[in-house]
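First up is the structure itself, then whatever we jot down about it.
Numbering (my numbering), first residue to last: 370 to 903.
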């Protein structure tokens, strides 16, 4: 598709950085966090009161049971119960999508307890085709192609992938036969591609209809289940990724950007959802994964952590750029307004408030074409030749000055002045030479230090990988040990029950025996009394 993109939005000046063949102009910004409160459902209306109060466009208050006390949370935007999908999109998401078309990486992330409206916000009402109920992803699709159609000056290639992280395993939602092959998907990092999942299906799209068809195709096989809290509970983290590549024939450059659209599985209180058996194991994995996400956010914002544990889970590793990296990120925290969910709602709001302090550095991902790099090299060579000519001319003028303009006779005072200036020039030249030598020495020392630091860093990375492997093995052993302990505890409980039952049985039999013995004794005594003596 041939289109023209708008010019990049102005940003604060920064120093250009080069990595591989990418030109990066970074702008630092906080993660954007918005809060969406869903309407209370029938059960909540019957059983509980209202917990949340929207104080302003940016402040939500949690009412306390104590009169006059409340918890206030400040966000970039707060959407009350009556807010529409359109309100959330236009005021919180659209700008990130427009930046994505211009070449910035982006992430839209929905977080909240189970049944709080995350999937509705991101995907929309899947069984309802009404425009107002369309979710963020369908609206994002329309905005992308709308921007692409504006002018025909750029050529865009758009592709999508769709995965879920279920029970800490990656499943390809665009390949229904990938579920059993967990070794196929590896999270890797590349200088050009960044962090990506190797082996994931990637399909090109040329219209919003194409994109939404793939979205629904993946949602049809996403892992879902019914709980007491949510009839259609998502049991996995769903990550829909859109990649965009734009080529400018006039500028001879390529811009690449990536947009992650994430519907997280909901945190759960097992005593509320009624999860048992396999559903209980799913809930444990979900809560563990979300806990590690919270740990990463805490490490990014406490100002003390030297190490950010991105590698502790697949979710945090895949979202590494979205959390403290090269991305324009929007976090949507979804909440229930009911007092029935007070603890979960406060936990969600605290999560969002902490995430609001994360700083990202986003930049346009521009890749120079071979011809453009060649042109730049040629221009640098031309500049070098111009500078060489200029230096030669200055050296020639300096020589003429030293020779007294061709050997013309000069007055003694003028000769003395020229000699003084020559001496001064010589001193300055010596000073410049000394400074150059010092500069070269410092540069050499810095390069040597950098080399040593890189070696040290490489060794530390190797040790870190070893430690992570050891930790992984320890975690596996810990899980096995916990299961063994649990099995032994269950065995002990069964044995205790058995012993108790045996004690009761022995007691019963003993009492019965004593009763029979007493009865027999009575019979013997009675019999002895009836026997005549002598």
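All C-beta atoms in this analysis are idealised placements derived from N, C-alpha and C, irrespective of residue type, glycine included.
Query	Result
Go ahead and label residue 411 buried or exposed: buried means 16 or more other beta carbons lie within 10 angstroms of its beta carbon, across all protein chains shown.	exposed
Taking all protein chains shown into account, decide if residue 469 is buried (16 or more other Cβ within 10 angstroms of its Cβ) or exposed.	buried
Do you know how far the Cα of residue 492 is from the Cα of residue 505?	6 angstroms
Grab the span of the beta strand (DSSP E) containing residue 703 for me, first residue to last.	697 to 704
Hey, residue 822 and residue 400: beta-carbon distance below 8 angstroms or not?	no
My guess is that residue 472 and residue 734 are in contact by the Cβ rule of under 8 angstroms, so how many angstroms apart are they, rounded?	6 angstroms
Which of the three DSSP states is assigned to residue 897 in this structure?	helix
So, is residue 628 buried or exposed, given that buried needs 16 or more other C-beta atoms within 10 angstroms?	buried
Can you grab the Cα-Cα spacing for the pair residue 865 / residue 859, in whole Å?	10 angstroms
Run the CB neighbour count on residue 803, radius 10 Å, all protein chains shown included, and call it buried at 16 or more, exposed below.	exposed
State the Cα-Cα distance for the pair residue 710 and residue 620, rounded to the nearest angstrom.	55 angstroms
Relative to the C-alpha of residue 422, which residue among 414, 610 and 439 is closest?	439
Is residue 628 helix, strand or coil when you go by DSSP?	strand
Starting from the C-beta of residue 663, find all residues in its chain whose C-beta is less than 7 angstroms away, skip the five residues before and the five after it, and write them out in chain order.	720
Going by the DSSP bridge assignment, what does residue 572 pair with across the sheet?	529
Where are the alpha helix (DSSP H) runs, 4 residues long or more, that stay fully inside the region 786 to 854, in chain order?	none
Measuring only the C-alpha atoms, how far is residue 906 from residue 761?	The first residue shown for the chain is 370 and the last is 903, placing residue 906 beyond what the model contains.
Would you mind stating whether residue 618 and residue 590 have Cβ atoms separated by less than 8 angstroms?	no
Here's the rule I'm using: 16 or more other beta-carbon atoms within 10 Å means buried, otherwise exposed. How should residue 702 be labelled?	buried
If we ignore side chains and look at the alpha-carbon of each, how far apart do residue 488 and residue 736 end up?	35 angstroms
When you compare the CB positions of residue 478 and residue 631, do they come within less than 8 angstroms of one another, or not?	yes
In the structure shown, what three-state DSSP assignment does residue 440 receive?	strand
Among the residues of its own chain, which have a CB less than 7 angstroms from the CB of residue 455, if the five just before and after it don't count?	501
Taking only the alpha-carbon atoms, compute the straight-line gap between residue 777 and residue 790 and give it to the nearest angstrom.	Only weak support is given to the placement of residue 777: the predicted model assigns it a pLDDT of 49, under 50, and the question is left unresolved by the model.
If we ignore side chains and look at the alpha-carbon of each, how far apart do residue 518 and residue 572 end up?	20 angstroms
Over the uninterrupted beta strand (DSSP E) stretch that includes residue 555, give me the two end residues.	555 to 559
With a threshold of 6 angstroms on Cβ separation, who are the neighbours of residue 476 within its own chain once the five nearest residues in sequence on each side are excluded?	629, 691, 696 and 698
Do residue 457 and residue 448 have their C-beta atoms closer together than 8 angstroms?	yes
Residues in the same chain with beta-carbon distance under 6 angstroms from residue 893, minus the five sequence neighbours each way, listed in chain order, please.	none
On the criterion of 16 or more Cβ atoms from any shown chain inside 10 Å, does residue 532 qualify as buried, or is it exposed?	buried
Rounded to whole angstroms, how far is the Cβ of residue 605 from the Cβ of residue 535, which I believe are closer than 8 angstroms?	4 angstroms
Using DSSP with H/G/I as helix, E/B as strand and the rest coil, what is residue 404?	strand
Does DSSP classify residue 690 as helix, strand or coil?	coil
Which whole-angstrom value is the C-beta distance of residue 419 and residue 446, which I expect to be below 8 angstroms?	With a Cβ gap of about 20 angstroms, residue 419 and residue 446 do not count as contacting.
When you compare each of 483, 555, 674 and 853 to residue 537 by their alpha carbons, which one comes out closest?	555
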